[in-house]
Structure formats: structure tokens, C-alpha cells
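What follows is one structure encoded as C-alpha cells, with my remarks underneath.
Residue numbers (my numbering): 102 to 285.
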């Protein structure tokens, strides 16, 4: 028996098994047996997305929030993304209420962006828990898919085994309030 004979027998057996509809796998797309040519598939005609769309959505959310801020505190909305951001920053300098509102808005969006890109330790780890005042907050997902901050301290839990969870707006409100008290 030569070296080619087992190969020839194996390939003939492979073709016979592949041609038998009993041995075809579930979901197989082959219609005409083992010797049929494979189906032609279209090739990609365009490049993939060059950036993370969730980060882009965060930028759009920040733009919408800045527009709402300018409506609440200033009225007219200038044209252009950077013009809205500059105008919102100038409005925040005008009054204390606008400054606090602007700082909360920026902190909430900074936290959301940091949690989305996986860099929350630099921001969320430096903020205190609104309930127990310890630096124990970690980012967690809410059942709706958004972000929240959870305290890791056991004595801060509302019930045994149930950690206390805060929205990012609550964490920002607490931080801004205590920052202003400490500065006074």
C-alpha cells in the first residue's frame, strides 16, 4: 500500500460522507453535495466604523444637555457645537445658581464618559459616598443599561447583602454641595 492510497481512500470517504444528507450539519448551506463549488460571498465594500459609537452618543448627549442648560439660564442658543459650549461656560460665570448647575452637568457627563471608556477610577474613586462619606464608590450598570455608583462599604448597605446605589446626578450634587461648603 503506497502513501497516496490512504489519502485517496480518506478523501473518497470524506466525499461520500459529505454527500450523504444524513451527515450534513444543521444550518449547512451546501445544496448540491460535496463536490459543488462553494457559494460566492460578497466582500466588504466599505471600511468599518473608525470610532466607538457609544462615545459619540455621549458627545451628542452632552451637546443636548448644554443646549438645555443655555435655554434654562440664557435663552438664545448660538449655532455650532463649540459656540454652545463656550456660551454655556460664560453663562455659568454669571450667577451662582448657573455655576452650580453647570458644574453638576459637567461632572455627570464626565463620570458617564469615564465609566463608558473604562477610566472611572480617576474620577469616581476620588468622590465620596453621599451616605457614608467614604471613598468607596464603584461604577455599576443599572438594569436599564445606564450607569450608577455603588458604595462598597458594608455598613452603608440598605440591607444585608444589598449595596447602596446612587445615580450619577446624586453623586454630583453631593460633591458640588460639599465642595462649595469646604471652599466657604
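Using N, Cα and C, we set each Cβ at its ideal position, and we do this for glycine too. Remember, it's a predicted structure, so these values are computed and weren't measured experimentally.
Extent of the continuous beta strand (DSSP E) to which residue i belongs
{"i": "residue 266", "result": "266-268"}
{"i": "residue 263", "result": "Residue 263 -> no beta strand (DSSP E), and no H or E assigned at all."}
Check whether residue i and residue j have beta carbons under 8 Å apart
{"i": "residue 66", "j": "residue 264", "result": "The chain is shown from 102 up to 285; residue 66 falls before or after that span and cannot be answered."}
{"i": "residue 249", "j": "residue 243", "result": "yes"}
{"i": "residue 276", "j": "residue 208", "result": "yes"}
{"i": "residue 202", "j": "residue 185", "result": "no"}
{"i": "residue 228", "j": "residue 166", "result": "no"}
{"i": "residue 256", "j": "residue 230", "result": "no"}
{"i": "residue 221", "j": "residue 247", "result": "no"}
Counterpart residues of residue i in DSSP-defined beta bridges
{"i": "residue 255", "result": "The partner list for residue 255 (beta bridge, DSSP) is empty, contrary to what the question assumes."}
{"i": "residue 239", "result": "251"}
Secondary structure of residue i, DSSP reduced to three states
{"i": "residue 175", "result": "coil"}
{"i": "residue 229", "result": "coil"}
{"i": "residue 152", "result": "coil"}
{"i": "residue 224", "result": "coil"}
{"i": "residue 273", "result": "helix"}
{"i": "residue 166", "result": "helix"}
{"i": "residue 198", "result": "helix"}
{"i": "residue 245", "result": "coil"}
{"i": "residue 138", "result": "A caution first: residue 138 carries a pLDDT of 47, below 50, which makes its placement in the model unreliable, though a value can still be read off. Coil."}
Residue interval of the alpha helix (DSSP H) (run including residue i)
{"i": "residue 187", "result": "182-195"}
Residue-chain proximity (residue i, chain D), Cβ-Cβ < 8 Å
{"i": "residue 275", "result": "Among the chains in the structure shown there is no chain D, since it carries only a single protein chain."}
Inset, instruction - Pair every Cβ in the segment 186-193 with every Cβ in the segment 166-176, then say whether three or more of these pairs are closer than 8 Å. - result: yes
Legend entry - Validate contact between the segment 268-276 and the segment 200-212 using beta carbons, cut 8 Å, 3 pairs: yes
Legend entry - Stretch-stretch touch, CB-based, cutoff 8 Å, three pairs: the segment 154-161 with the segment 214-225: yes
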